[in-house]
Amino acid sequence: MAGCEGMYRAIRTRASIRFSSVSTNIRMTVIKLKSGGLWVHAPIAPTKECIQYCEGIQGQCHMPLIASSSLVMGHRVTGAKLIRIGPYVDVAFYHKLSRTLLVTDVVIFVPRKPPECISKESLLASAKNGLAAKLLSKGKEIPQEPAVDNQMNRQKGWERMVLQILFLGPSNLLEPNTSFAQMSQKLIVSPIVKTLVFSKVPEKIRDWIDSIVRDWKFKRIIPAHFAAPINSGRSEFLAAFAFLDDLLLERYVTRPSLSLLFTPIMGKAASYFPPDDMKTLSSLDQFLVSVGAVKKTVPGRKKTA
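Here it is, written out as structure tokens:
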């Protein structure tokens, strides 16, 4: 499904975790350059429909291959062989005319309602109390009634999907609304990306984020997943990375002055993740560290979720 705004266009599709009802949207954004070429950001599988759509924009494609860290995102599937040749990479692209920042997995904005590309069948399957709900029920009795097709069950299915995507093993799938409310409707760094990637190299991430907000005066953001475009600027973007300050021994003095006003207030909410929901992800991180698959999280001034 395609959409456009200004000088850029987006193609949206859906990706699912195999053998599960969990799905989310994937977004490829195409920008026509002044040179006549096309910048294709976060490319999806080159299906016939996708190729025809790009050809219809008229221009020579420049397609950066961007590796995704998320376990359920389509870039892991469509570019699996290519991304194995190097480490995690994410790319930020600034469209100056519309003051839009394009990213892949750096930040996300979980919408209250599911994207149109998520089918009602997937939502209802997620709302049904299946194996995942039983495993994460903490011994509670699980009702086995079928998930009737109504807005309440569709919403429950979406909330369960989101929590499984963000945390892998959230604490309460039976009643997901509380955790979902804490994670939705705000610009955040995905818990998976934060825990398994960014927390390992906070200095490099801090330098990169500071360079983005220093050089680009963006007023909206388009990530590869969940909602977009997001009407957020540099202060909201910085607030999503407030957790880096807890991993560094001192604040970087190169941070723009605007962030000094907004980050302390907004950052606490933007980077807070429910501790109970983080337990599975934290255990996975400890295991991956023990086998040498990832680096140990850099110790900071205090331990945060």
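Letter by letter, the sequence shown follows residues 1 to 305 of UniProt numbering. Using N, Cα and C, we set each Cβ at its ideal position, and we do this for glycine too. Here the structure is a predicted model, which means the values were calculated and not measured.
Beta-bridge partners of His225 (DSSP): none assigned. Bounds of any alpha helix (DSSP H) do not take in Asn25; it lies within the beta strand (DSSP E) bounded by 23–32.
For Ser283, the number of other beta carbons within 10 angstroms of its own is below 16, and it is reported as exposed.
Of the candidates Phe180, Trp216, Ala293, the residue whose Cα lies closest to the Cα of Tyr272 is Phe180. Around the CB of Ala127, 16 or more other CB atoms lie within 10 Å, so the residue is classed as buried.
Non-local C-beta neighbours of Pro202 in its own chain, meaning closer than 6 Å and more than five positions away in sequence, comprise Leu244, Leu247, Leu248, Val298, ordered along the chain.
For Trp216, the closest C-alpha among the options Pro43, Ala92, Asn231 is that of Ala92. In this structure, the beta-carbon distance from Phe237 to Arg99 does not fall below 7 Å. A check of alpha carbon separations from Gly37 across Ile108, Glu55, Pro146 identifies Glu55 as the nearest.
Shown here, Phe109 sits in a strand according to DSSP, grouped into three states. The beta-carbon separation of Asp105 and Ser190, rounded to 6 Å, stays under the 8 Å limit for a contact.
Residue burial annotation: Ala42 is buried, with at least 16 other C-beta atoms found within 10 angstroms of its C-beta. Residues Pro114, Arg154, Gly157, Trp158 of the same chain have their beta carbon placed closer than 7 Å to that of Leu123, with the five preceding and five following residues left out of the count.
Within 10 angstroms of the beta-carbon of Thr29 lie 16 or more other beta-carbons, which makes it buried.
The secondary-structure analysis by DSSP pairs Thr100 across a beta bridge with His95, Arg220. When the Cα atoms are used, Ser232 and Asn129 turn out to be separated by approximately 36 Å. Judged by DSSP secondary structure, Val162 falls within the alpha helix (DSSP H) whose first and last residues are 151–167. Taking the C-beta atoms as reference points, Ile44 is found no nearer than 7 Å to Phe226.
For the options Gln164, Thr280, Asp210, the alpha carbon positioned closest to that of Ser23 is the one of Gln164. In the three-state reduction of the DSSP assignment, Ile44 falls in the coil class. Beta-bridge partners of Ile230 (DSSP): Ile221. In summary, Thr47 is exposed, with fewer than 16 beta-carbon neighbours lying within 10 Å of its beta-carbon over all protein chains present.
Rounded to whole angstroms, the gap between the alpha carbons of Pro146 and Leu174 is 14 Å. Taking Ser184 as reference, the option from Arg160, Lys204, Arg206, Asp207 with the minimal CA-CA separation is Arg160. With contacts defined as CB atoms closer than 7 Å, Lys296 and Val289 qualify as a contacting pair. Looking at Val148, Ala228, Leu101, Ile205, the one whose alpha-carbon comes closest to that of Arg112 is Ala228. Between the C-alpha atoms of Val162 and Ile26 there is a straight-line separation of about 14 Å.
Annotated three-state conformation of Leu284 is helix, per DSSP.
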